[in-house]
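Participant: I am attaching a structure below and will ask some questions about it afterwards.
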Amino acid sequence: MNTTDTHSKPVIEVEALSRRFDLKLALNDIHLTVPRGCVFGLVGENGAGKTTLIKHLLGLLKAQSGTVRVFGLDPVAAPVDVLGRLGYVSEQRDLPGWMRVDELLRYTAAFYPRWDHGYAEQLRREFVLEPDARIRNLSRGELAKAGLLVALAHRPELLVLDEPSSGLDPVVRRDILEAIIRTVADEGRTVFFSSHLLDEVERVSDRLAMMVEGRVILSGRLEEIRANHHQLTLRFNAVPIVPPELPGVLRLTGAGQEWTVIANGARAELVEAAGRLGAKVVAERSPSLDEIFVARASVKKSGAQN
Amino acid sequence: MRTPALAIGWSLWARHRTANGLLLAAIPFCALLYRAFFALIPERLAGGQGFLRELPLTLLPMALSFIWVFYVCGQTENDARKGFTGFPERLFVLPVRTVGLVAWHTLFGVAAIVFVHLAWAWLVFRPVGVHFEMRWPLLLSASAMMLFQGAVWGLASFPWVRTVALVAGGLAIGPLLVVTSIPGFDAHGLAPACVEGTVAAMPLIWVITVMLVAAERRGGWQPWRPMRRFAQRIFDRAIRRRSSFASASGALAWFEWRRKGWLVMAAVAVGVAGAVLMLPVHALLGGPMGLPPWATLLQAFVWPLFIGACLGWFLARPDFSGDIALPPFHAIKPMSSGQIVLIKLRVAMAATVAGWVLALPLTLAITIWPKWAELCHNEEFQEVLRWIRTDGSGAWWLAGMVAVTMVMTWQGMVEGISIGLTGRVKLIGWMTAIRLASIVAVVSVCLWWHRRPELLPRVAPWIYAGLVLVMIWKTAGLIRSLGEVRRRGLWTAKQLRLGVGLWSGVAAAMVLGTALILWKVPVATPLVLLGAVCLWPGGHIAQGVIHLAGNRHR
């Protein structure tokens with residue numbers, strides 16, 4: 001494989017991936033592509049399958065059906081080649097409690113030939129982590145920083161963060177985590193992170209995928225997703241007897257004459273259909289990612305129940 | 307749950323309800339099984355302790371159930387970040403006084419061990435004509451439970467002191483329990499005096515336990531803090547890693563050695579020395595149990611093999627965390643599963659050799675202790691010891707046996723590592739049970755046939771046929787696992803050659819050991835071969851890699 005091929009190929013390719021744990025279908029026919037150099041946010045509520053998907057990317061879970069490729073390689077068949085090029089921060093922060101910070105750095109450095117000692121020391125100072133401090137005595141925030149440090153110091157091509165904000169206070173989250181994510185992306189490397197904090201994903205991601213009950217219900221560039229969703233407030237001439245049926249509506253709330261819709265797709269069609277029902281648009285804005293997610297998730301769930 | 311006492315009792319039962327239920331079911335099951343065995347024993351041997359003389363390993367389920375009850379009643383809970391804890395911290399927030407918490411746990415623990423002891427003695431062994439002495443052993447079981455709980459809870463802040471205390475307590479009380487259970491057997495008057503002393507100390511031990519648990523409830527015993535910090539500083543200075551690692555293999559080997567290797571080494575040393583220390587007990591029991599003096603000596607070589615297997619499971623664990631599955635911290639290191647296994651095997655080898663080297667001065671100190679020699683009063687056994695000490699060939703025989711046992715200790719660890727690397731608790735449990743059952747079956751059969759030499763010529767062809775089948779099965783297992791490792795690319799060609807080389811070394815040691823036993827030990831050839839083939843290395847070296855790959859990529 002030549003260099004051009006390597007650089008033009010997506011970093012992550014997931015095709016028709018499914019995973020079942022006993023009776024629970026944790027992942028259901030997942031298709032996902034993550035291009036090089038982007039910040040990819042994976043959002044979903046707890047239990048949606050985000051961590052399970054990440055574990056497949058790391059090769060910690062073997063695909064029961066479908067394929068997973070990271071850097072064009074199968075992470076189960078070629079773990080050394082894949083893992084040597086990525087950095088990972090787990091949600092559990094499972095660092096060995098008995099080690100001290102300096103021992104953790106020396107130990108981890110031995111596994112990565114491209115470990116940057118100067119960068120590691122710089123990060124350690126920035127994160128205010130004492131070299132003598134024992135891991136088990138660190139606070140949750142400090143533990144997250146230590147995990148981030150060992151994931152970053154070998155300058156991985158792909159940084160995988162599983163719920164990185166968990167346990168971090170808002171200042172650390174905004175000033176350190178987001179700055180690091182942007183720095184990594186600016187250097188042409190790729191960040192893949194999962195979160196249930198949609199405002200955070202909205203601030204840092206270029207692309208995102210939404211997961212609900214093991215399925216990817218929405219995936220694409222953030223601007224495109226925003227541009228394709230509209231929130232309209234409609235005023236009807238008369239009180240509708242049943243909730244109005246409009247094309248592309250994901251969520252409809254309201255009562256009496258005034259209803260708010262979050263819709264996906266062509267705005268003009270929606271407005272025209274509303275006009276036919278005797279309604280006019282009285283307010284319009286772009287819905288937040290949070291609102292899009294709630295609307296999409298409720299459609300998926302009601303679809304599943306039906 | 308209307309009272310705290312009921313809630314505590316229920317939690318002790320419910321936390322391991324399946325295993326506890328199995329234990330309760332094992333008692334009537336063994337009662338029926340032993341009755342069936344009893345019917346097979348000729349009438350002239352059935353009287354007195356004849357059943358045990360014929361089938362001594364029928365004591366094993368009883369011993370295992372005792373260990374289980376101790377484990378369950380020593381109610382401790384793991385804290386993933388802090389490591390081991392003692393008394394469960396969640397109970398400290400309940401509106402119950404510490405005295406009450408400790409008292410109810412003690413009461414349930416003592417009741418459970420006494421119940422299990424009585425059930426085995428009366429329901430299982432009495433119907434087959436085995437009568438144990440009950441008064442002192444029951445008191446000793448109860449005291450052992452109180453001591454165990456006291457050490458586990460009270461010394462929670464000092465895990466190493468606790469380990470030493472538990473090992474020392476086990477080595478002291480275990481043999482006492484065995485010796486005092488034999489009717490009219492006082493072991494030179496030592497046993498009753500020791501039991502009286504232990505029982506008399508119990509009230510004081512219990513009060514100290516309550517005080518230590520109360521101190522834990524208030525955040526640890528303050529006066530110990532400066533001392534602990536001082537010890538920590540010295541410990542850190544001695545073992546803290548201050549230089550970079552030359553390679554990833556070096557880093558992982560350091561991790562394995564720092565966390566488990568040195569403990570394994572200490573356990574091997576203590577295990578080997580303990581087996582020698584226990585020789586007088588075996589020599590004392592050998593006569594009444596009808597065991598040949600060679601069996602007494604050989605047990606000193608058999609124990610390290612058992613210890614090796616147990617330590618292998620310990621070495622297979624990623625760390626001291628509660629979860630035995632491979633956590634992401636280890637699983638995402640860019641290192642092949644084959645290399646990780648080879649490093650574990652290397653650490654196991656280093657710990658085995660170092661443990662045996664450490665055991666030699668300990669063993670020497672034990673054997674020159676006059677009381678030890680005095681207690682080994684069995685004449686036939688003294689004869690064997692004299693041959694080893696005075697005859698040149700005896701010394702060579704001993705050296706050969708030590709070398710073979712050292713290799714086999716490592717081989718035991720390899721098997722333990724292979725099973726442990728699956729990271730699946732249930733699978734490990736089942737494989738352990740099957741392994742233990744097969745060992746018990748083989749040793750029982752060997753002992754039984756040893757006493758029935760007239761039967762051997764008739765069954766020898768069947769034994770040889772069985773051995774050939776086992777050898778074919780083990781060799782097929784080896785070829786299959788090596789093939790799978792190669793096909794999946796889990797080992798490089800060089801690593802594959804190393805694996806085959808290690809296997810060949812163990813096999814050669816096995817052949818040497820068999821020859822040494824056949825040369826001197828008066829046991830029938832088919833029985834020696836039966837034991838040898840059961841210990842013959844299968845495909846565990848390669849299977850460990852397959853198991854780790856399965857654990858890592860589930």
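Residue numbers (the working numbering), protein chains in the order written: chain W, 1 to 306; chain U, 307 to 860. For each residue, glycine too, the CB sits at the ideal point set by N, CA and C.
Rank Leu841/U, Pro310/U, Trp600/U and Lys800/U by C-alpha distance to the C-alpha of Leu818/U and give the top, closest one.
Facilitator: Residue mapping note: residue 818/U aligns to position 512 of the second sequence, counting from 1. The shortest C-alpha separation from Leu818/U is found at Leu841/U.
Participant: At the level of alpha carbons, what is the spacing between Ala78/W and Ile852/U?
Facilitator: Residue 78/W sits at position 78 when you count from the first residue of the first sequence. Residue 852/U sits at position 546 when you count from the first residue of the second sequence. Looking at the two C-alpha atoms, the distance is approximately 15 Å.
Participant: Would you kindly report the start and end of the unbroken alpha helix (DSSP H) that includes Ile54/W?
Facilitator: Residue numbering aside, residue 54/W sits at position 54 when the first sequence is read from its first letter. First-last of the alpha helix (DSSP H) with Ile54/W: Lys50 to Leu58.
Participant: DSSP three-state call for Asn28/W: helix, strand or coil?
Facilitator: By one-based count along the first sequence, residue 28/W stands at place 28. Note: Asn28/W maps to strand in three-state DSSP.
Participant: Can you give me the Cβ contacts of Ile694/U inside the same chain, cut-off strictly under 6 Å, excluding the 5 residues immediately before and after it?
Facilitator: Taking the second sequence and counting its residues from 1, one reaches residue 694/U at position 388. Counting only Cβ-Cβ distances below 6 Å, and skipping sequence neighbours, we find Gly700 and Leu704.
Participant: Can you pull the chain B residues whose beta carbon is under 9 Å from the beta carbon of Arg758/U, in chain order?
Facilitator: Protein chains in the displayed structure are W and U, and chain B is not among them.
Participant: Starting from Leu252/W, trace the beta strand (DSSP E) both ways and give me its first and last residue.
Facilitator: Numbered from its first residue, the first sequence carries residue 252/W at position 252. Where Leu252/W is concerned, the enclosing beta strand (DSSP E) stretches over Val249 to Ala255.
Participant: According to DSSP, Ser337/W sits in a beta bridge with which residue or residues?
Facilitator: Any question about residue 337/W goes unanswered here, given that chain W covers just 1 to 306.
Participant: Within a Cβ cutoff of 8 Å, which residues of the same chain sit near Met452/U, ignoring the five residues on either side of it in sequence?
Facilitator: For the purposes of this step, residue 452/U is taken as the residue at position 146 of the second sequence. Here the set comprises Thr412, Gly415, Val416, Met508, Ile511, Trp512 and Thr515.
Participant: Please classify Val578/U as buried or exposed, where buried requires at least 16 neighbouring CB atoms within 10 angstroms.
Facilitator: The residue labelled residue 578/U in the question sits at position 272 within the second sequence. Val578/U should be labelled buried.
Participant: Just mark Gly844/U as buried or exposed, buried being the case when its beta carbon has 16 or more other beta carbons within 10 Å.
Facilitator: Residue numbering aside, residue 844/U sits at position 538 when the second sequence is read from its first letter. With 16 or more Cβ atoms within 10 Å of its Cβ, Gly844/U is classed as buried.
Participant: Closest to Phe457/U by CA distance: which of Arg531/U, Ser447/U, Val399/U and Thr469/U is it?
Facilitator: Reading the second sequence from its first residue, position 151 is the one you call residue 457/U. Here residue 457/U turns out to be Ala, not Phe, going by the sequence shown. The candidate whose alpha carbon is nearest that of Ala457/U is Thr469/U.
Participant: Listing by chain order, which chain U residues have their CB less than 7 Å from the CB of Gly84/W?
Facilitator: Here residue 84/W refers to the residue found at position 84 when the first sequence is read from its first residue. Pro640, listed in chain order.
Participant: Since Met210/W is in the alpha helix (DSSP H), which residue starts that stretch and which ends it?
Facilitator: As a first step, residue 210/W must be located in the first sequence, where it is residue number 210. It is not in any alpha helix (DSSP H) - Met210/W instead sits in the beta strand (DSSP E) that spans Arg207 to Val212.
Participant: From what residue to what residue does the alpha helix (DSSP H) around Ile135/W run?
Facilitator: Counted from its first residue, the first sequence places residue 135/W at position 135. Premise fails: Ile135/W is in no alpha helix (DSSP H) and is neither H nor E.
Participant: Taking 8 Å as the cut-off, does the region 196-215 of chain W touch the region 232-252 of chain W (at least 3 CB pairs, one atom from each stretch)?
Facilitator: No: the two stretches stay apart, fewer than three of their Cβ pairs being nearer than 8 Å.
Participant: Mapping DSSP to helix, strand and coil, what is Glu142/W?
Facilitator: Position 142 of the first sequence holds residue 142/W. In this structure, Glu142/W counts as helix in the three-state DSSP scheme.
Participant: Closer than 9 Å between beta carbons: that is the criterion. Which residues of the region 541-553 of chain U meet it against chain W?
Facilitator: From the region 541-553 of chain U, only Asp542, Arg546, Arg547, Arg548, Ser549, Ser550, Phe551, Ala552 and Ser553 have a Cβ closer than 9 Å to chain W.
Participant: When the Cβ atoms of the region 517-525 of chain U are set against those of the region 392-412 of chain U, are three or more pairs found closer than 8 Å?
Facilitator: Counting Cβ pairs under 8 Å, three or more are found: they touch.
Participant: Taking all protein chains shown into account, do 16 or more other C-beta atoms lie within 10 angstroms of the C-beta of Val720/U, making it buried, or fewer, making it exposed?
Facilitator: Reading the second sequence from its first residue, position 414 is the one you call residue 720/U. It is buried - the Cβ of Val720/U has at least 16 other Cβ atoms within 10 Å.
Participant: In chain order, what residues of the same chain have a beta carbon less than 7 Å from the beta carbon of Ala631/U, not counting five sequence neighbours either side?
Facilitator: Locating residue 631/U in the second sequence gives position 325, where the first residue counts as 1. Taken in chain order, the residues that qualify are Gly729 and Asn857.
Participant: Take Pro10/W as the anchor and find which of Gly59/W, Gly72/W, Lys62/W and Ala26/W has the nearest alpha-carbon.
Facilitator: Start at 1 with the first residue of the first sequence, and residue 10/W comes out as number 10. Among Gly59/W, Gly72/W, Lys62/W and Ala26/W, the Cα nearest to that of Pro10/W is on Gly72/W.
Participant: In the structure shown, what three-state DSSP assignment does Gln231/W receive?
Facilitator: Against the first sequence, residue 231/W aligns to sequence position 231. Reduced to three states, the DSSP call for Gln231/W is strand.
Participant: Can you tell me where the alpha helix (DSSP H) with Leu651/U in it begins and where it stops?
Facilitator: Locating residue 651/U in the second sequence gives position 345, where the first residue counts as 1. Where Leu651/U is concerned, the enclosing alpha helix (DSSP H) stretches over Ser643 to Thr673.
Participant: Quick one: is Ala554/U buried, meaning 16 or more other Cβ sit within 10 Å of its Cβ, or exposed?
Facilitator: For the purposes of this step, residue 554/U is identified with residue 248 of the second sequence, where counting begins at 1. The residue in question, Ala554/U, is buried, as its Cβ has 16 or more Cβ neighbours within 10 Å.
Participant: Using the rule of at least 16 other Cβ atoms within 10 Å of the residue's Cβ for burial, across every protein chain shown, is Trp768/U buried or exposed?
Facilitator: Stepping through the second sequence from its first residue, residue 768/U is reached at position 462. By the 10 Å Cβ count, Trp768/U comes out exposed.
Participant: Which runs of the alpha helix (DSSP H) spanning at least 4 residues fall entirely within the region 540-587 of chain U, listed in chain order?
Facilitator: Those alpha helix (DSSP H) runs which fall completely within the region 540-587 of chain U and span 4+ residues are 554-562 and 568-583.
Participant: Between which residues of its own chain and Ala557/U is the CB-CB distance below 6 Å, once the five residues before and five after are set aside?
Facilitator: Here residue 557/U corresponds to residue number 251 of the second sequence, with the count starting at 1. Closer than 6 Å at the Cβ level, and outside the excluded window around Ala557/U, lie Phe551.
Participant: Which residue marks the beginning of the beta strand (DSSP E) containing Phe344/U, and which one marks its end?
Facilitator: Within the second sequence, residue 344/U is the residue found at index 38, counting from 1. No beta strand (DSSP E) holds Phe344/U; the alpha helix (DSSP H) holding it covers Arg323 to Leu346.
Participant: Rounded C-beta distance between Gly722/U and Ala622/U? I'm assuming under 8 Å.
Facilitator: Translated into positions along the second sequence, residue 722/U becomes position 416. Translated into positions along the second sequence, residue 622/U becomes position 316. About 7 Å separates the two Cβ atoms, so the contact holds.
Participant: Are there three or more Cβ pairs, one per stretch, closer than 8 Å when the region 603-619 of chain U is compared with the region 81-98 of chain W?
Facilitator: Touching, no, given that fewer than three Cβ pairs across the two stretches are closer than 8 Å.
Participant: Closest to Arg548/U by CA distance: which of Val39/W, Pro131/W and Lys55/W is it?
Facilitator: Start at 1 with the first residue of the second sequence, and residue 548/U comes out as number 242. For the residues Val39/W, Pro131/W and Lys55/W, the minimum Cα distance to Arg548/U belongs to Pro131/W.
Participant: Spatial neighbours of Val294/W within its chain, please: C-beta separation below 8 Å, excluding the five flanking residues on both sides.
Facilitator: As a first step, residue 294/W is located in the first sequence; it is residue number 294 there, counting from the start. Closer than 8 Å at the Cβ level, and outside the excluded window around Val294/W, lie Arg251.
Participant: Taking 7 Å as the cut-off, decide whether the C-beta atoms of Gly141/W and Val171/W are in contact.
Facilitator: For the purposes of this step, residue 141/W is taken as residue 141 along the first sequence, with counting starting at 1. For the purposes of this step, residue 171/W is taken as residue 171 along the first sequence, with counting starting at 1. Cβ atoms of Gly141/W and Val171/W: not closer than 7 Å.
Participant: Per the DSSP calculation, Phe215/W is bridged to which residue(s)?
Facilitator: By one-based count along the first sequence, residue 215/W stands at place 215. The sequence shown places Arg at residue 215/W, not Phe. Partner(s): Val212/W.
Participant: Report the residue from Arg432/U, Leu424/U, Trp426/U and Phe398/U whose alpha carbon sits nearest the alpha carbon of Trp459/U.
Facilitator: On the second sequence, residue 459/U is found 153 positions in, with the first residue counted as 1. Nearest option by C-alpha distance: Phe398/U.
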